[in-house]
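K.L.:
Residue 513 is where the sequence shown starts when you use this note's numbering, and the numbers rise one by one after that.
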Amino acid sequence: MAVLKPKGPRSIALVGPYSSGKTTLLEAFLHICGEIDRKGSVNAGTSTGDSSKEARDRNMSVEVNAAHMTYLGDNFTILDCPGSIEFFQETENALRGVDVAIVVCEPDQDRVLTLSPILKLLEVYNLPTFIFVNKIDKAYGSVQELFSSLQAVTDRALVLRQVPIFKDGIVTGYVDLASERAYVYKEGEASRIIDLPPEMAEEEGTSRFAMLEKLADFDDHLMEELLEDIEPEREEIYTLLQNDLGDGVVTPVFLGSAEMDHGVRRLLKALRHEVPEAQVSAQRSGFAVNTDTTMAQILKTYMSAQGGKLSLARIWSGKINDGNSFSTGRIGGLFKLQGSKIEKISSASAGEIVAFGRLDDAHTGDILTTDETIHDSPVSLLEPVYNFALFAEKREDDVKLSAALGKLTEEDPSLVTEHKQETQELLLWGQGEIHLKVALERLRNKYGLDVKSRKPKVAYKEAIRKSATQHARYKKQSGGHGQFGDVQIEIKPLPRGSGFNFEEKIVGGSVPRQYIPAVEHGVKEYLVEGPLGFPVVDVEVTLFDGQFHSVDSSENSFRSAARIAMSEGMPKCDPVLLEPIYKVEVAMPSDYTSKVNSIVSGRRGQILGFDARQGWDGWDLLVAMIPESEVQDLIVDLRSATLGVGTYRREFDHLQELTGQNAEKVLQNRN
């Protein structure tokens, strides 16, 4: 066999559900390649020294962790992506700059569904993908049934590359279907070649033919060979596997145990032989790579507690030296990241993933070039589904909080801040409760801010059901000029959604023209908080009569008279509480539709209908009208009922009357 010529630097994303073993696989890679002396040493925090207690307690990563290795002369950068769905934005951003993704999963059919979101995203990106079934030493049940379950959650053709060898119910090795060689696992060492067990000959033959049939779907020559019972050359099979992976039409499936180093070296060989080069990936992403122009894309922004900024970037073309400049400024340091370690380097070339220091005007998603331009490639942001109301314990920290939130949202674009005028609250939006707790912990630990959070207020309103007229007079005498204003108004309800309207029907100058705007002003001042304690909407007020004094009347006196008239007249109009209703679209696997139906109904939701989720086989969409107070923590129950993969989007639809015990409870809490 010809010696394989080393390819240029390539990058790999490790993705998959929380607890599937991605970081363990990364450490197995690095240990085998001699980059670390012992496992467990690569992920002791991040490159900026940020470490979340919330994450440590749950043994989960919350942001992309970068590392690099060399295997048989080929250089790779590994991006270990968070597994929790609440940090999926980190994964999505990282996938924009890699050549291949390895989906790490457990051999558990019941949890295969958790792979749906990531496999769907990889299909959208047309990113070459491997699946590594980890913890195979703890597998139970049929591998073929597991394979069928995996195929059910992806539109790509899966190709099983190995079949396990069992001994006393435990996986002790595998048969490689491409090379037709059998191996037995050796803990911490390369697997040892053995003779194919006779009892596996039939299974190996059947599985290998199934693999070839999948490949033949994309190659006419192989199809002809199979139809004519011609055994294809081994090199032909490897070439097809490489080409089909690069084209994104097949996904190879490997087996192993990262903890025991089982199957890891075979996976490394596949990465070395089959992963396309950076130039191919650049073309797939639509970049017109010009060797005369240096181009880099920001995949992740890290902010240190001291304000230092690192921009993790994929170099698509050209060469970068420490001190080079983009339109965003001069690079203040060039680094390679190895977990929590930062290694200073002098230069980097196309294909590498490195970190730029102190590029303050560069943001995640930006494409930087040396031709004095910056191309904004906006990150596709996930819609937020959960929020907290934030406030600094010390009033003097308000300015610091605003600055810290700016850095926090730059580091994690899926965090969104909102100043909600209706409730006078500062809201922090994110992807779930853990996501926001990690953000709060960063505010405290990284930026030294004492920040408190609470459940956001609901923007209740109130309206009226009946009309009423009211006369009010404001009269005050004190020394010199007094104050006098007299108004008669009519208050009446408007159709829902009409807002506020002010009319005047003054005849004969009973209220001079210059004072009428003051009356409207006074009415609006009152409507900020009606008789139930909430802003009043959908009401019309008409000024139809009044009196004035030639000396004592003023704008202030008529404004005060109007407020008095509203405060006395509104309680007569049968005020009613209004609550915001949101149109909510819930996406979930069809197996859990009935559970979600019960959750929505239990939250006073009015279900409008169901439909199949377009482009997602086996998924449904449920559309419902749900009160804002019931939507706030909907994502918690939704994920709990759907193995964490259910999600929703919402938009305000209308205000609706709230009566009975629910209204009484709101009013009691208000008081």
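Glycine is no exception: its CB is placed at the ideal position from the N, C-alpha and C atoms. Bear in mind the structure is a predicted one, so any value in this text is a computation, not a measurement.
1) Can you give the Cα-Cα distance for M513 and K650, rounded to whole angstroms?
2) Please report the residue range of the beta strand (DSSP E) in which P1087 lies.
3) So, under 8 Å CB-CB, V897 and N605 are touching, yes? Tell me the CB distance rounded to an integer number of Å.
4) Could you check the C-alpha separation between A794 and I827 for me, to the nearest Å?
5) Please report the residue range of the beta strand (DSSP E) in which Q809 lies.
6) Rounded to whole angstroms, what is the Cα-Cα separation between I946 and S914?
7) Starting from G1114 and walking both ways along the alpha helix (DSSP H), at which residues does that stretch end?
8) Residues in the same chain with beta-carbon distance under 6 Å from E1032, minus the five sequence neighbours each way, listed in chain order, please.
9) The beta strand (DSSP E) with S859 in it runs from where to where?
10) Under 8 Å Cβ to Cβ from F678, same chain only, skipping five residues before and after it: list those, please.
11) Does the pairing of the stretch 1157–1171 with the stretch 1081–1098 give three or more beta-carbon distances under 8 Å?
12) Considering only residues of the same chain and omitting the five flanking positions on each side of E1067, which have a CB-CB separation below 7 Å?
13) Looking at C-alpha atoms only, which residue of P764, K848 and L767 is the closest neighbour of L824?
14) In this structure, how does DSSP classify M1078 when only helix, strand and coil are distinguished?
15) From M581, E598, P529 and V527, pick the residue whose C-alpha is nearest to that of V950; which is it?
16) Going by beta carbon distance, what residues of the same chain come within less than 6 Å of A669, once the five residues before and after it are set aside?
17) Identify the residues that DSSP records as bridge partners of N1174: which are they?
18) Would you mind working out which of M1082, A971, S859 and Y986 sits nearest R977, comparing C-alpha positions?
19) Terminal residues of the continuous beta strand (DSSP E) containing M1137?
20) Name the DSSP bridge partner or partners of F868?
21) Can you name, in chain order, every residue of its own chain whose Cβ lies under 8 Å from the Cβ of S859, other than the five neighbours on each side?
22) Quick test of your reading: P1139 and E1169, contact by CB under 8 Å. State the CB separation rounded to the nearest angstrom.
23) Assign R778 to one of three DSSP states: helix, strand, or coil.
24) Excluding the 5 residues flanking M572 on each side, which residues of the same chain have their C-beta closer than 6 Å to its C-beta?
25) Taking its Cβ as the centre, do 16 or more other Cβ atoms sit within 10 Å of P619, making it buried, or is it exposed?
26) Given this structure, state the Cα-to-Cα distance separating A556 from K853, to the nearest angstrom.
27) Secondary structure at R623, three-state DSSP: helix, strand or coil?
28) Identify the continuous alpha helix (DSSP H) that holds I1147 and give its terminal residues.
29) How far does the alpha helix (DSSP H) with M581 in it extend, from its first residue to its last?
30) Less than 8 Å between the CB atoms is what I'm expecting for F1184 and K964, so what's the real figure, rounded?
31) Need the endpoints of the alpha helix (DSSP H) that E736 sits in, please.
32) What does DSSP give as the partner residue(s) for P764 in the beta ladder?
33) Go ahead and pull the three-state DSSP assignment for F1070.
34) Classify N577 as buried or exposed, calling it buried when 16 or more other Cβ atoms lie within 10 Å of its own Cβ.
35) Tell me which residue opens and which closes the beta strand (DSSP E) that E1016 is part of.
36) Cα-Cα, which of E1016, Q943, E864 and F868 is closest to N899?
P.N.:
Once the coordinates are examined:
1) Reading the sequence shown from its first residue, position 1 is the one you call residue 513. Reading the sequence shown from its first residue, position 138 is the one you call residue 650. The predicted position of M513 is uncertain, since its pLDDT is 41 and thus under 50; no value can be drawn from it.
2) The sequence position of residue 1087 within the sequence shown is 575, counting from 1. Start and end: P1087 to P1101.
3) To locate residue 897, count along the sequence shown from 1; it is residue 385. To locate residue 605, count along the sequence shown from 1; it is residue 93. Incorrect: roughly 18 Å between the Cβ atoms, too far for contact.
4) The sequence position of residue 794 within the sequence shown is 282, counting from 1. The sequence position of residue 827 within the sequence shown is 315, counting from 1. C-alpha separation (whole angstroms): 10 Å.
5) Taking the first residue of the sequence shown as 1, we reach residue 809 at position 297. It spans M807 to M815 - the beta strand (DSSP E) in which Q809 sits, taken as one unbroken run.
6) Numbered from its first residue, the sequence shown carries residue 946 at position 434. Numbered from its first residue, the sequence shown carries residue 914 at position 402. Taking the straight line joining both Cα atoms gives about 21 Å.
7) Numbered from 1 along the sequence shown, position 602 holds the residue referred to as residue 1114. That run of the alpha helix (DSSP H) goes T1105 to G1114.
8) For the purposes of this step, residue 1032 is taken as the residue at position 520 of the sequence shown. So the list reads F1014, once near-sequence residues are dropped.
9) Within the sequence shown, residue 859 is the residue found at index 347, counting from 1. Element bounds for S859: S859 to S861.
10) As a working mapping, residue 678 is identified with position 166 in the sequence shown. These residues qualify, in order along the chain: T684.
11) yes
12) Counted from its first residue, the sequence shown places residue 1067 at position 555. Cβ within range, chain order: Y1027 and A1030.
13) As a first step, residue 824 must be located in the sequence shown, where it is residue number 312. Minimum Cα distance to L824 is reached at K848.
14) In the sequence shown, the residue the question calls residue 1078 occupies position 566. Looking at M1078 - three-state DSSP - the assignment turns out to be helix.
15) Residue numbering aside, residue 950 sits at position 438 when the sequence shown is read from its first letter. The shortest C-alpha separation from V950 is found at E598.
16) For the purposes of this step, residue 669 is taken as residue 157 along the sequence shown, with counting starting at 1. Within the same chain, A669 has close Cβ partners K726 and V762.
17) Position 662 of the sequence shown, counted from the first residue, corresponds to residue 1174. Looking at the DSSP assignment, N1174 forms no beta bridge with any residue, so it has no partner.
18) Taking the first residue of the sequence shown as 1, we reach residue 977 at position 465. Checked all of M1082, A971, S859 and Y986; the closest Cα to R977 is M1082.
19) Working through the sequence shown from its first residue, we reach residue 1137 at position 625. Segment W1131 to P1139, the beta strand (DSSP E) holding M1137.
20) Locating residue 868 in the sequence shown gives position 356, where the first residue counts as 1. DSSP output for F868 lists S823 and L846 as bridge partner(s).
21) Looking up residue 859 in the sequence shown gives position 347. Here the set comprises K831, I832, N833, D834 and L846.
22) Position 627 of the sequence shown, counted from the first residue, corresponds to residue 1139. Position 657 of the sequence shown, counted from the first residue, corresponds to residue 1169. Contact doesn't hold; Cβ gap of about 11 Å is too wide.
23) Within the sequence shown, residue 778 is the residue found at index 266, counting from 1. The answer is helix: DSSP assigns R778 an H, G or I state.
24) On the sequence shown, residue 572 is found 60 positions in, with the first residue counted as 1. Answer for M572: Y530 and S596, listed in chain order.
25) Counting from 1 along the sequence shown, the entry for residue 619 is found at position 107. So P619 ends up on the buried side.
26) Locating residue 556 in the sequence shown gives position 44, counting from the first residue. Locating residue 853 in the sequence shown gives position 341, counting from the first residue. Because the pLDDT at A556 is just 45, under 50, the model does not fix this residue reliably, and the value given afterwards should be weighed accordingly. So the alpha carbons of these two residues sit roughly 9 Å apart.
27) Residue mapping note: residue 623 aligns to position 111 of the sequence shown, counting from 1. Looking at R623 - three-state DSSP - the assignment turns out to be helix.
28) Taking the sequence shown and counting its residues from 1, one reaches residue 1147 at position 635. Unbroken alpha helix (DSSP H) run through I1147: L1146 to A1153.
29) In the sequence shown, the residue the question calls residue 581 occupies position 69. Counting along the chain, M581 falls outside any alpha helix (DSSP H), though it belongs to the beta strand (DSSP E) covering N577 to Y583.
30) Lying before the first or after the last residue shown, residue 1184 is absent from the chain, which here runs from 513 to 1183.
31) For the purposes of this step, residue 736 is taken as residue 224 along the sequence shown, with counting starting at 1. D732 to L739 is the span of the alpha helix (DSSP H), which, as asked, contains E736.
32) Residue mapping note: residue 764 aligns to position 252 of the sequence shown, counting from 1. Note: P764 sits in a beta bridge opposite V671.
33) For the purposes of this step, residue 1070 is taken as the residue at position 558 of the sequence shown. Reduced to three states, the DSSP call for F1070 is helix.
34) Here residue 577 corresponds to residue number 65 of the sequence shown, with the count starting at 1. Classification of N577: buried, given that the 10 Å Cβ count is 16 or more.
35) For the purposes of this step, residue 1016 is taken as the residue at position 504 of the sequence shown. Where E1016 is concerned, the enclosing beta strand (DSSP E) stretches over F1012 to E1016.
36) One-based indexing of the sequence shown puts residue 899 at position 387. Checking every option, the nearest Cα to that of N899 belongs to Q943.
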